[in-house]
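Heads up, the thing below is written out as C-alpha cells.
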Amino acid sequence: MNWVNAVVQGLLLGGLFALFACGLSLLFGVVGVINLAHGDFAVLGAYVAVLLLPSTATNALWALLFVPPLFGFFGYLLQRTLLQRSLEISPLTTLLVTFGLSVVVQNGLLEAFSADSHSFNVGSLVTSSFKVDEQLQVSYLRLGVLLVAIAVLSVLSLFLARSRTGIQIRAVADDREAAQMSGVNTRHIVGVAAAIAFATVALAGLAYGMTAQFAPYSGSALLLFAFEAVVIGGIGSLWGTLGGGLILGLAQSIGFQIDPSLGVLAGHLVFLGVLAFRPTGLVPARAAA
Amino acid sequence: MTAPTGASTGYRVRRLRRSALWTALPSAGVVALLAYVPYVLERKVTDTLVDFFILLVLATTWNMLAGFAGLVSVGQQAYIGVGAYAVLVLAQQGVNPFAAIPLAALVCAAVSLPVSWLVFRLRGGYFAIGTWVVAEVFALLVIRFESLGGGTGANLPGLDGFDAVLLGAMTYWAALSVAVLTLLGAYLLLRSRTGLALTAVRDNELAARSVGVRVPRAKRMVYLAAAAGAGAAGAVLVITQLNVQPGNVFSVKWSAYMVFVVLIGGVGSLEGPILGAIVFFVLQRALADYGAWYLIVLGAVAVVMAVWVRRGLWGLLERFDVRVFPTGFWLQAPGGDVARPPRDDPPPAPRH
Amino acid sequence: MTAVPALEVRALTARHGQLTAVDGVGFSVPAGSVFALVGANGAGKSTLLRTIAGLHRPVAGSVHLHGDDVTATGPERRVGRGLVLVPEGRRLFPSLSVHENLRVGLARRRPGQWDIDRVLDLFPWMKERRNQPAGQLSGGEQQAVAIGRALVANPSVLLLDEISLGLAPVVVQRIYGLLPALLTTGMTVVLVEQDVSQALAVADQVQCLLEGRTVLDGVPAQLTGPQIEAAYFGLAGAGR
Ligand SMILES: Nc1ncnc2c1ncn2[C@@H]1O[C@H](COP(=O)(O)OP(=O)(O)O)[C@@H](O)[C@H]1O
Ligand SMILES: [Mg+2]
Chain W
1 MNWVNAVVQG
11 LLLGGLFALF
21 ACGLSLLFGV
31 VGVINLAHGD
41 FAVLGAYVAV
51 LLLPSTATNA
61 LWALLFVPPL
71 FGFFGYLLQR
81 TLLQRSLEIS
91 PLTTLLVTFG
101 LSVVVQNGLL
111 EAFSADSHSF
121 NVGSLVTSSF
131 KVDEQLQVSY
141 LRLGVLLVAI
151 AVLSVLSLFL
161 ARSRTGIQIR
171 AVADDREAAQ
181 MSGVNTRHIV
191 GVAAAIAFAT
201 VALAGLAYGM
211 TAQFAPYSGS
221 ALLLFAFEAV
231 VIGGIGSLWG
241 TLGGGLILGL
251 AQSIGFQIDP
261 SLGVLAGHLV
271 FLGVLAFRPT
281 GLVPARAAA
Chain P
1001 MTAPTGASTG
1011 YRVRRLRRSA
1021 LWTALPSAGV
1031 VALLAYVPYV
1041 LERKVTDTLV
1051 DFFILLVLAT
1061 TWNMLAGFAG
1071 LVSVGQQAYI
1081 GVGAYAVLVL
1091 AQQGVNPFAA
1101 IPLAALVCAA
1111 VSLPVSWLVF
1121 RLRGGYFAIG
1131 TWVVAEVFAL
1141 LVIRFESLGG
1151 GTGANLPGLD
1161 GFDAVLLGAM
1171 TYWAALSVAV
1181 LTLLGAYLLL
1191 RSRTGLALTA
1201 VRDNELAARS
1211 VGVRVPRAKR
1221 MVYLAAAAGA
1231 GAAGAVLVIT
1241 QLNVQPGNVF
1251 SVKWSAYMVF
1261 VVLIGGVGSL
1271 EGPILGAIVF
1281 FVLQRALADY
1291 GAWYLIVLGA
1301 VAVVMAVWVR
1311 RGLWGLLERF
1321 DVRVFPTGFW
1331 LQAPGGDVAR
1341 PPRDDPPPAP
1351 RH
Chain D
2001 MTAVPALEVR
2011 ALTARHGQLT
2021 AVDGVGFSVP
2031 AGSVFALVGA
2041 NGAGKSTLLR
2051 TIAGLHRPVA
2061 GSVHLHGDDV
2071 TATGPERRVG
2081 RGLVLVPEGR
2091 RLFPSLSVHE
2101 NLRVGLARRR
2111 PGQWDIDRVL
2121 DLFPWMKERR
2131 NQPAGQLSGG
2141 EQQAVAIGRA
2151 LVANPSVLLL
2161 DEISLGLAPV
2171 VVQRIYGLLP
2181 ALLTTGMTVV
2191 LVEQDVSQAL
2201 AVADQVQCLL
2211 EGRTVLDGVP
2221 AQLTGPQIEA
2231 AYFGLAGAGR
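Protein chains in written order, with the numbering used here: chain W, 1 to 289; chain P, 1001 to 1352; chain D, 2001 to 2240.
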C-alpha cells in the first residue's frame, strides 16, 4: 500500500520537475542554448522573494504576484545583452557564460544569505492535506504545484499555437534566418521567449521554496532534474516535458521507497537508461507544440 | 608524421617551423628548477605549489576537451573522484599510494570509455549536463560502499611511516611529474595526427570530415586522455590531503575552476591554461579572506573574458608574438601563401 | 528617366571568408519592371540577393530602396520598407502549418492589396490544406507557400531566388504565370534563374554574373544567344 503512496507522491513531485523543465526546454528550443544557471536562477527567485516580502511572516504566496514578472523582465534584459552577445560567438560560449553566471549567482547568494537553509511561510497550506485512505495523504500544496505545472504548460502551448508572438517564437525556433527575412524581429522574439522562460523559472523556484527548504547551492540539483525531465520527455516537446517530469518524479519516489538514499540516484539511472536506449526521448520531438 | 593533403583542393597543412629545441631547453630548465624547490623552500610553499599543479593539470586537460575537441564538459570531477577513490582502494590493498597514481589514471581512462559511448550521444549543452549527471551518479554510487567510508569519506592508509618533510617533498615531486607529463602529453597529442585532425575539426568540422579526418575517434581519444589526466590530479589530491571526501572530489567546483582558468588564460593554446592557472591561483590566494568572493570575482571575470576577450590573456600576449610551444598549424593555399589565422580570429570557439 | 529606381545596387562586394562571392556588382531597377540575374552555379547570385536583403553584410558598396540607402538597415526592417526575399530552397518553417507560415509573413506587413485571403484565392489548394505542416508539402507547394509568405507583406520589391529549382516544368510554368499578376500591382521583381530562356522570357533587363562579376548587362531583346552563352560560361569575347 506504501507503493501507491510512492506513486502518488512521485507524480506530485513530477509536477514540480515539469515546472522547472519547461523554461529550460523553451529556452533551448527557441534560443538553442542550455542555460546552465537555470537551477540557480530558480533559487535566486526564491531568495528575491525572501528579500522583497515585508517579513518572514508574510505568506509567500504573495511573491507569486511579483517575482515571476520581475524575472521575466530580467530574462529579457539578460537575453538582449549578455546571452545575445555570447550566442553570436557560438552556442558553446553561451554555455560557458551561463556556467559562469551559475557560479556567480550561487556564491553571491552564499555571501548575501549565508549557507543556512531558508523556507517560506505559506500559512496553513504547508500542513493541510486530504486523506484518501489510511496510507495515502495528498498535500494540497503539492497537488497545487502539479496543477500549476499543468496550467502553465497548457497556457504556454496555447500561446505558442495561437498567438501571433507564439507563432513567431516557433518560426524562430524552426529557422531563425527565415523568420528574419519574413520581417520578424528575431532578437526581440528570442528575448520574449527568454522572458517567458525566466518567469516560469521564478515560478518553479517559488514552488520549490514552498515545498522544501532551499539554500544557495540548491540550484545545481534542480538544473540536473530539469534537464533530465527534458531529455526523458523528448527534447523540444512541451507535453513531453510534463511526461518526463512525471517519470523522473516517479523514479525518485519509488527509489526512495526502496531505500531513502536511492531516490536521486534512481532518477539519474532512469535518465541514463533513456539516454542509452532512446536518445531522442520517450516522446518524439515536436509531437506537441 | 605525414601531413594529409587535400588532394582535390591542393591545400596542404604546414606546421609552424621552429626547432623543438627552443622549446625543450628552457622548459627543461624550468622543470629542473621546480624539481629543486623542496631542497630550498619550506613545506608550506611546496604544498601550495602542489595545489597549483593540480589546477594546472585539470585546466590543461579541460582545455584539450573544450578548446581542441569542442567538448564542453562540466563533469570532469567524475574522474577526479574516480582517480581519488582508485588510490584509496589500491592503498587499502597495500599498494603504495604514489605507485597508485599512474594506475588511477589508467582506471579513469578505462572507465571513461564506456561513459563516452553514453555521453557522446549528446551534443553541445546536452553533452555538458550529461557529463555532470554521470559525475553525480559516480558520487552517489561510491558513497554506498561502507568500506570506502560512505558519505563521509575515508583516510588514506599506507603513508603513516613517512617523515613529514619527506612526504611533503615526495608529494610535490609526484604533482610536478603529473603536471609535466600532462603538459608533455598534451603537447605531443596536439602535434600528432590526432591533434592535427582536431585542429582541422576545430576550424571546420565539415571540411575536416570530407578530407577523411576521423572526427569521433579523435574526440574520443582526447576524452580518454582528459579522463586520465583528471584521474591523476584526483590521485595527487588524495595524497596531499591524506583523505578522501566524496563531497569534495566529486564537486562541480572543479569544473568551475577548470572553466575559469581556461577562459581567463585563453582557450585553445597550451600556454593559456598555464597563464590562467597562475592568475586564478594568485587571485584565489589574494581573496582567501573574503569567503566565496574569489569565485564571484573569477566567475565574473571569466564571463567577461568569454564574451569580450575571446582569446584570453594569452591571446592578448600573442599579439606581441609570444609563443612557448610550437603547435601551430596552418593551411597552405595552393598558391603557396600561408593562410595565417587573422589575429582577431574567433578563439577556437568550440563549435558543434 | 528621372524617376527614382525602385532598387539600386552600387558596386556591391560581399565575401564568404576569403572568397569574394560578389565583386563590385551594380544595377538599377525601375519600378514595376522585372530584372533577371543569370549565371552558372556558384556565380554569386544567391549571395547577391542575400546581401540586398540584408542577410549578408557587404564589405563595400550600397543598396538603395526607392532612393533611400538601406545598406545599414537590418533585414527585418527592410521587409517593413518593402524589400522581401523568397530565398533559395524556400526555407519554410517545417513544423508550422501552411496558414501559420503565411501568418509569419504578416510580421511587418505594409498596407496593400495582399493578405492571406488573397493568397489563398491565388492558390486554391491551400485552403483545404491550410492546417497541414509545411514540411509535408511537395516542392512546388512549398514554393507557392514561400511566395505567398512574401506576398502578404506587400513588398514593393520582391527578390526571387531560383523559384524554379527542382520543380516540374508544369509547376514552373504555373509559378511564372503569376508574374503578370504581381506586376500589375506595381511590384518590382528581381529574379535569379539558372534557366536562362525562362529568365529572358519575362525580364525587362538582364544581367549575367560570372565568379561574382557582371559580365553581361542588357535588354533581352537586344542580346543574342551566343552572346549570353559566352557570358554564362565565361568564354572569351563576352563583354559589357
Ligand atoms: N555560406 C557560405 N559559406 C562559404 N561559401 C559560400 C557560402 N555560400 C556560398 N558560398 C560560395 O560563394 C560562391 C557563390 O555562391 P552563391 O551565391 O550561392 O552562388 P549561386 O547562387 O550563383 O549559385 C560559391 O563559390 C559558393 O561556394
Ligand atoms: Mg544560388
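All residues carry an ideal CB built from backbone N, CA and C; glycine is no exception.
Given this structure, state the Cα-to-Cα distance separating residue i from residue j, to the nearest angstrom.
i                      : j                      : result
residue 13 (chain W)   : residue 1304 (chain P) : 37 Å
residue 1151 (chain P) : residue 1308 (chain P) : 41 Å
residue 2116 (chain D) : residue 2182 (chain D) : 15 Å
residue 2102 (chain D) : residue 2146 (chain D) : 8 Å
residue 1056 (chain P) : residue 267 (chain W)  : 34 Å
residue 1089 (chain P) : residue 1139 (chain P) : 15 Å
residue 195 (chain W)  : residue 26 (chain W)   : 10 Å
residue 1064 (chain P) : residue 1302 (chain P) : 18 Å
residue 1107 (chain P) : residue 216 (chain W)  : 34 Å
residue 303 (chain W)  : residue 1293 (chain P) : Outside the modelled stretch of chain W, which goes from 1 to 289, sits residue 303 (chain W), for which no answer is possible.
residue 1330 (chain P) : residue 2042 (chain D) : Below a pLDDT of 50, predicted positions are generally treated as unreliable, and residue 1330 (chain P), at 44, falls in that range; the measurement from the model is reported next regardless. Answer to the nearest angstrom: the Cα atoms are 26 Å apart.
residue 94 (chain W)   : residue 17 (chain W)   : 24 Å
residue 1184 (chain P) : residue 239 (chain W)  : 50 Å
residue 69 (chain W)   : residue 1221 (chain P) : 47 Å
residue 2171 (chain D) : residue 2140 (chain D) : 6 Å
residue 1286 (chain P) : residue 248 (chain W)  : 43 Å
residue 2023 (chain D) : residue 2179 (chain D) : 29 Å
residue 2051 (chain D) : residue 31 (chain W)   : 24 Å
residue 375 (chain W)  : residue 1143 (chain P) : In the structure as shown, chain W starts at 1 and stops at 289, and residue 375 (chain W) therefore has no counterpart that could be examined.
So, with DSSP's three-state summary, where would you put residue i?
i                      : result
residue 115 (chain W)  : coil
residue 1107 (chain P) : helix
residue 2056 (chain D) : coil
residue 1331 (chain P) : Model confidence at residue 1331 (chain P) stands at a pLDDT of 44, short of 50, so the residue's coordinates are unreliable and nothing is read from them.
residue 2075 (chain D) : helix
residue 2141 (chain D) : helix
residue 2210 (chain D) : strand
residue 1315 (chain P) : helix
residue 1124 (chain P) : helix
residue 1137 (chain P) : helix
residue 1147 (chain P) : helix
residue 137 (chain W)  : strand
residue 2066 (chain D) : coil
residue 2185 (chain D) : coil
Less than 7 Å separating the Cβ of residue i from some heavy atom of ligand 1?
i                      : result
residue 59 (chain W)   : no
residue 2019 (chain D) : yes
residue 2231 (chain D) : no
residue 118 (chain W)  : no
residue 2041 (chain D) : yes
residue 2099 (chain D) : no
residue 2016 (chain D) : yes
Does the beta carbon of residue i fall short of 7 Å from some heavy atom of ligand 2?
i                      : result
residue 2046 (chain D) : yes
residue 2161 (chain D) : yes
residue 2088 (chain D) : yes
Could you give the C-beta distance for residue i and residue j, rounded to a whole number, given that I count them as a contact under 8 Å?
i                      : j                      : result
residue 1240 (chain P) : residue 1171 (chain P) : 5 Å
residue 2134 (chain D) : residue 2093 (chain D) : 6 Å
residue 966 (chain P)  : residue 1167 (chain P) : The structure shown does not extend to residue 966 (chain P), since chain P is modelled only from 1001 through 1352, so no value can be given for it.
residue 2194 (chain D) : residue 2162 (chain D) : 6 Å
residue 2009 (chain D) : residue 2026 (chain D) : 5 Å
residue 197 (chain W)  : residue 23 (chain W)   : 4 Å
With 8 Å set as the bound, which would you pick, yes or no: does the beta-carbon of residue i sit closer than that to a beta-carbon of chain C?
i                      : result
residue 2080 (chain D) : The question asks about chain C, but that chain is absent: this structure's protein chains are W, P and D.
Could you give the uninterrupted runs of the beta strand (DSSP E) lying entirely in the region 2009-2061 of chain D, keeping only those of 3 residues or more?
With a minimum length of 3 residues, the continuous beta strand (DSSP E) runs that stay inside the region 2009-2061 of chain D are 2019-2029 and 2034-2039.
If you scan the region 49-83 of chain W from start to end, which runs of the beta strand (DSSP E) of 3 or more residues do you find wholly inside it?
Contiguous beta strand (DSSP E) elements confined to the region 49-83 of chain W do not occur, taking only those with 3 or more residues.
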